[in-house]
Amino acid sequence: MNVLLVRFFFALLLTYPMISVAQKRETIEETLVNNKIDSLLNRAVIAVSESDYTQAIDILNYSRDLATDIGHTKRVGLTSGTLAKLYFELNDYESAKRENKKALKAQKEANSPDLLGQSYITATQLSLVDGDQREANNNITKGLSILEDSSRDDLKSQLYNLRGTILQSSSNHIDAIQAYDQSITLASQANNAYLKTQSLANKSVSLATVGRLEEADETLLEIEGFANGKDLPNITNTLYKTKHLIAQARGNYKEANDYLTMYYASKDDTDLRAPSQVLPNGPNEELDAMVTQLEKDVLIEKDRNSKAMRLTLVLSIALCSILALLTLSLYKNNNLRAKANELLQAKNVELVIARDNAEKASTVKAQFLSTITHELRTPMYAVTGLTHLLLSENPTDEQKKHLDSLKFSGEYLLSLINNILDLNKLEANKVEVEETSFNLKKRIEDVLFALGKSARDKGNKLHLEIDEDIPLEVLGDPLMISQILINLVGNAIKFTRDGDVWIRVQKIAQGEADIRLHFEIEDNGEGISKKKQKTIFQNFTQGSVAINRKFGGTGLGLSIVKNLLDLLNSKISLDSTLGKGTTFKFDLKYNLTQALPGEDNPHNIIYDIDYVALENRHILVVEDNKINQMITRKILEKNKMTCDTADNGEIAVEKTRTKKYDLILMDIHMPGISGMEATEQIREFNKEIPILALTAVTIDENIDEFYAVGFNDIIPKPYKVEEFFQKIHNGLRNSKVLN
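Letter by letter, the sequence shown follows residues 23 to 761 in our numbering.
Structure, rendered in structure tokens:
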């Protein structure tokens with residue numbers, strides 16, 4: 023029999039005021055029922071001591087029903103409160119909530135403040151299990167109010183300890199320390215060393231966290247003085263955590279790591295323990311007498327078995343029984359091992375099949391991404407190319423404004439396509455971060471201009487608040503910040519109607535070489551529930567199916583934002599209230615540049631191109647798409663270069679045989695032979711002419727194959743015009759066409 027467990031459980035019943043006959047005139051029948059209830063409670067104690075929790079629950083349920091039948095609200099509150107605590111210790115939280123609700127109702131009717139105080143402790147613990155700190159604080163306040171005139175300082179101590187735990191979990195360690203101090207004082211007044219030590223242990227964590235290391239050391243000495251030699255796993259576990267924090271703060275990293283290892287080992291061991299107690303210990307003279315009698319029975323039994331022959335006989339029988347059981351166990355283990363081997367072989371076959379299926383799926387995925395990349399980038403080339411041509415034809419100021427917006431949106435859309443099609447690569451941190459000089463304020467204004475129409479369509483106003491101290495030019499990745507802001511601002515616009523969206527940029531700190539900025543995107547729209555905030559940054563996740571149908575979208579925007587910020591060594595956070603709006607926050611560090619505003623090259627990119635040397639160079643453009651063929655030809659001709667075209671690979675090979683060209687721009691996917699095959703055939707009779715792959719195909723994984731068949735360089739579509747001419751210039755110069 024687990025005597026300690028019986029003490030704890032029986033003490034639970036003793037913590038409540040027992041009901042005397044003088045409190046209420048009872049009929050003989052009611053008296054018999056009350057006596058039966060008291061007898062059943064004693065049986066429940068025995069059941070708990072034998073770890074028979076199912077029987078204990080059945081007995082307590084029956085006791086509560088009997089008390090309900092005779093209308094004895096105090097006993098209803100007593101049994102329901104005991105059931106709630108037992109369910110809580112057994113991790114059956116739904117049953118604990120149900121019984122605690124009944125206990126609170128009965129205890130309020132019976133005006134039992136001590137019972138109510140204990141039930142509010144249980145209610146607080148259940149609220150913390152649900153993660154509802156607000157409700158937990160309400161229960162603590164109610165419990166302390168009920169116990170204000172009570173002498174039960176131990177119950178008050180538990181409530182202040184729980185308050186400290188809530189403050190500690192919210193990183194409000196200063197207030198947590200004050201709450202633990204109140205708990206320690208009350209536990210001392212109640213002469214409850216366990217509660218005092220528990221609060222001291224929790225306090226030591228907050229002391230170590232805020233850097234009050236000497237106080238933490240003193241607290242540890244006091245705790246260890248009480249806990250030495252006792253089996254107190256929860257307190258021991260907390261001690262390891264405090265020692266880890268102290269060692270880490272003092273730079274003793276090996277010692278800190280050792281304590282962290284002991285903390286997790288102790289935590290795992292604590293989690294595996296069965297419920298050992300329901301409430302702290304209390305006095306129980308009747309139970310002490312029971313334990314004394316049990317000890318006497320054991321002594322008598324030992325005396326009866328003192329004869330050597332009988333003891334020898336008993337040991338012999340026991341030894342034979344053990345050997346028989348061992349033999350049977352070995353036989354069964356061999357059978358189980360054989361069956362396990364068969365099962366393992368079957369599972370291995372299943373795993374091989376699953377692996378093969380996964381490899382096939384990966385191959386199909388790669389083929390799909392390659393195809394869809396080409397199909398999306400090809401029309402995007404037309405968009406960006408035509409935009410460049412229109413910008414070069416002296417548009418009016420109003421037209422230029424719209425064309426700049428179109429160019430900006432095209433660049434963003436291309437980046438978005440790349441990230442969506444290559445999301446696995448993004449999450450694996452394989453995307454390279456560009457560092458170039460750009461005007462941050464103008465970049466943000468471009469985002470707002472691009473999203474202005476959608477904001478106006480929904481009756482929203484966009485507000486930009488940016489510190490005047492922030493330099494105009496910074497070094498970083500302009501496309502990444504554009505994509506982050508377009509996703510966040512676009513999201514705010516989508517979920518707000520007839521409201522406001524604020525974009526705030528504040529300087530946190532600035533050094534000689536870099537600057538730290540804080541970004542906030544706030545709206546007063548729909549808001550996001552607490553539950554959905556936990557998953558909102560996952561792929562293809564939106565607030566709900568209803569929100570998806572109402573507002574549309576893929577649910578990829580916030581996932582891409584999170585991944586991009588991870589690449590930039592930043593984290594995103596949010597504050598949101600349903601019906602009031604949402605605020606997204608993140609910090610970024612940018613390097614500073616010496617570039618002056620108004621320079622001809624605002625992005626600080628130097629393109630070493632001799633455009634005069636490119637004039638009158640004869641280029642063969644191999645492209646099956648007529649629109650893209652026309653765009654490439656016009657871009658070349660505007661730079662006074664001559665152009666010939668071929669609709670497929672066969673024509674390109676034949677023209678190269680019969681005509682002289684300075685350079686070939688070769689598409690990859692074409693009807694008939696591909697650009698790769700055409701290049702191989704050309705290299706059989708002309709190894710000198712520079713051939714550049716002008717393609718929308720994704721080439722990151724097989725770039726070596728392009729160079730192996732004879733390409734000199736690769737220009738991915740769409741491209742920046744300056745980069746386009748840079749590649750052509752390099753190709754001509756490396757092939758000695760240019761001096």
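Ideal Cβ positions, reconstructed from N, Cα and C, are used throughout, including at glycine.
S595 by DSSP, collapsed to three states: which one? What you label residue 595 is simply residue 573 of the sequence shown in a count that begins at 1. Here S595 sits in strand by DSSP.
Please work out which residues of its chain come closer than 8 Å, Cβ to Cβ, to L148, disregarding the five sequence neighbours upstream and downstream, and give them in chain order. By 1-based counting over the sequence shown, the position of residue 148 is 126. Answer for L148: F110, Y115, A118, K119 and N122, listed in chain order.
Would you tell me roughly how many angstroms separate the C-alpha atoms of P417 and K429, rounded to the nearest one? As a first step, residue 417 must be located in the sequence shown, where it is residue number 395. As a first step, residue 429 must be located in the sequence shown, where it is residue number 407. Rounded to whole angstroms, the separation of the alpha carbons of K429 and P417 is 14 Å.
Cβ-Cβ distance between L687 and V743 below 8 Å: Within the sequence shown, the letter at position 665 stands for residue 687. Within the sequence shown, the letter at position 721 stands for residue 743. No, Cβ-Cβ distance for L687 and V743 is not below 8 Å.
Backbone CA spacing between L510 and I268 [nearest angstrom]: Along the sequence shown, one-based indexing puts residue 510 at 488. Along the sequence shown, one-based indexing puts residue 268 at 246. Taking the straight line from one Cα to the other gives about 40 Å.
Pick helix, strand or coil for V496, following the three-state DSSP scheme. To locate residue 496, count along the sequence shown from 1; it is residue 474. Three-state result, V496: strand.
List the endpoints of the continuous alpha helix (DSSP H) containing I543. Against the sequence shown, residue 543 aligns to sequence position 521. Run containing I543: none in the alpha helix (DSSP H); it sits in the beta strand (DSSP E), D536 to D545.
Helix, strand or coil for L484? Go by DSSP, reduced to three states. Indexing the sequence shown from 1 puts residue 484 at position 462. Reduced to three states, the DSSP call for L484 is strand.
Per DSSP, cross-strand counterpart(s) of L685: Reading the sequence shown from its first residue, position 663 is the one you call residue 685. In the DSSP secondary-structure assignment, L685 is bridged to I641.
Taking DSSP as the reference, what is the three-state secondary structure of Q560? Translated into positions along the sequence shown, residue 560 becomes position 538. Reduced to three states, the DSSP call for Q560 is coil.
Give me the Cα-Cα distance between N133 and I81, rounded to the nearest whole angstrom. Here residue 133 refers to the residue found at position 111 of the sequence shown. Here residue 81 refers to the residue found at position 59 of the sequence shown. Rounded to the nearest angstrom, the two C-alpha atoms are 25 Å apart.
Rounded C-alpha distance that separates L658 from L412: Against the sequence shown, residue 658 aligns to sequence position 636. Against the sequence shown, residue 412 aligns to sequence position 390. Approximately 14 Å between the Cα atoms of the pair.
I want to know whether the segment 635-649 touches the segment 660-671 - three or more CB-CB distances under 8 Å. The segment 635-649 vs the segment 660-671: in contact.
Would you kindly work out how many angstroms separate the C-alpha atoms of L222 and Q190, rounded to a whole number? Sequence index remark: in the sequence shown, residue 222 carries index 200 (1-based). Sequence index remark: in the sequence shown, residue 190 carries index 168 (1-based). Distance between the alpha carbons of L222 and Q190 is about 13 Å.
I need the DSSP call for K529, collapsed to helix, strand or coil. Against the sequence shown, residue 529 aligns to sequence position 507. Residue state, collapsed to three classes: strand.
Along the chain, where does the beta strand (DSSP E) containing F733 start, and where does it finish? As a working mapping, residue 733 is identified with position 711 in the sequence shown. Under the DSSP assignment, F733 falls outside any beta strand (DSSP E); it carries neither an H nor an E label.
Check this for me: beta carbons of S504 and R465, under 8 Å apart or not? In the sequence shown, residue 504 corresponds to position 482, counting from 1. In the sequence shown, residue 465 corresponds to position 443, counting from 1. Contact: yes.
Could you tell me which of D468, D74 and T104 sits nearest to L501, measuring between CA atoms? The count along the sequence shown starts at 1 and reaches residue 501 at position 479. Closest by alpha carbon: D468.
Using a Cβ-Cβ cutoff of less than 7 Å, which residues in the same chain neighbour N161 once the five nearest sequence positions on both sides are dropped? Locating residue 161 in the sequence shown gives position 139, where the first residue counts as 1. Cβ neighbours of N161 beyond the five flanking positions: Y142, A145, T146 and S149.
In the structure shown, what three-state DSSP assignment does I750 receive? In the sequence shown, counting from the first residue as 1, residue 750 sits at position 728. Three-state result, I750: helix.
Can you tell me the Cα-Cα spacing of D520 and L600, whole angstroms? Along the sequence shown, read from residue 1 onward, the residue named residue 520 stands at position 498. Along the sequence shown, read from residue 1 onward, the residue named residue 600 stands at position 578. Computed Cα separation, rounded: 16 Å.
For E770, the nearest candidate out of A212, D203, L425 and A78 (CA to CA): A question about residue 770 goes unanswered here, because the residues of the chain that appear run from 23 up to 761.
Counting pairs of Cβ atoms below 8 Å between the segment 275-287 and the segment 243-255, do you hit three or more? Pairwise C-beta distances place the segment 275-287 out of contact with the segment 243-255, as fewer than three of them are shorter than 8 Å.
Report the partner residues of D91 according to the DSSP bridge assignment. If you number the sequence shown from 1, residue 91 lands on position 69. According to DSSP, D91 bridges with nothing at all.
According to DSSP, is S459 part of a helix, a strand, or is it coil? Taking the sequence shown and counting its residues from 1, the one referred to as residue 459 is at position 437. Three-state result, S459: strand.
L589 beta carbon less than 8 Å from that of V496: Position 474 of the sequence shown, counted from the start, is the residue given in the question as residue 496. Position 567 of the sequence shown, counted from the start, is the residue given in the question as residue 589. No. Outside cutoff.
C-beta contact flag for G549 and K584 at 8 Å: Here the question's residue 549 lines up with position 527 in the sequence shown. Here the question's residue 584 lines up with position 562 in the sequence shown. No, they are not a contact pair.
Buried or exposed: where does T604 fall if 16 or more other Cβ atoms within 10 Å of its Cβ makes it buried? Numbered from its first residue, the sequence shown carries residue 604 at position 582. Buried.
Mark F747 as exposed unless 16 or more other C-beta atoms lie within 10 angstroms of its C-beta, in which case mark it buried. Within the sequence shown, residue 747 is the residue found at index 725, counting from 1. It counts as buried.
To the nearest angstrom, how far is the alpha carbon of A376 from that of S343? The sequence position of residue 376 within the sequence shown is 354, counting from 1. The sequence position of residue 343 within the sequence shown is 321, counting from 1. Straight-line Cα distance between these residues: approximately 48 Å.
Identity of the residue in H266, A271, T231 and I206 nearest E244 by Cα: Start at 1 with the first residue of the sequence shown, and residue 244 comes out as number 222. Residue I206 is the option with its Cα nearest to E244.
Unbroken alpha helix (DSSP H) run spanning A249, endpoints: Counted from its first residue, the sequence shown places residue 249 at position 227. Per DSSP, A249 belongs to the alpha helix (DSSP H) from L235 to A249.
Is K423 helix, strand or coil by DSSP? Counted from its first residue, the sequence shown places residue 423 at position 401. Reduced to three states, the DSSP call for K423 is helix.
Per-residue burial, I339 [other beta carbons within 10 Å of its own, 16 or more giving buried]: The residue you call residue 339 lines up with position 317 of the sequence shown. Flag for I339 reads exposed.
Residues in the same chain with beta-carbon distance under 6 Å from L62, minus the five sequence neighbours each way, listed in chain order, please. Taking the first residue of the sequence shown as position 1, residue 62 is located at position 40. Only I81 and S85 meet the Cβ criterion.
Of the residues D735, S595, L350 and F707, the one placed nearest D689, counting alpha carbons only: Translated into positions along the sequence shown, residue 689 becomes position 667. Taking only the C-alpha atoms, the option nearest D689 is D735.
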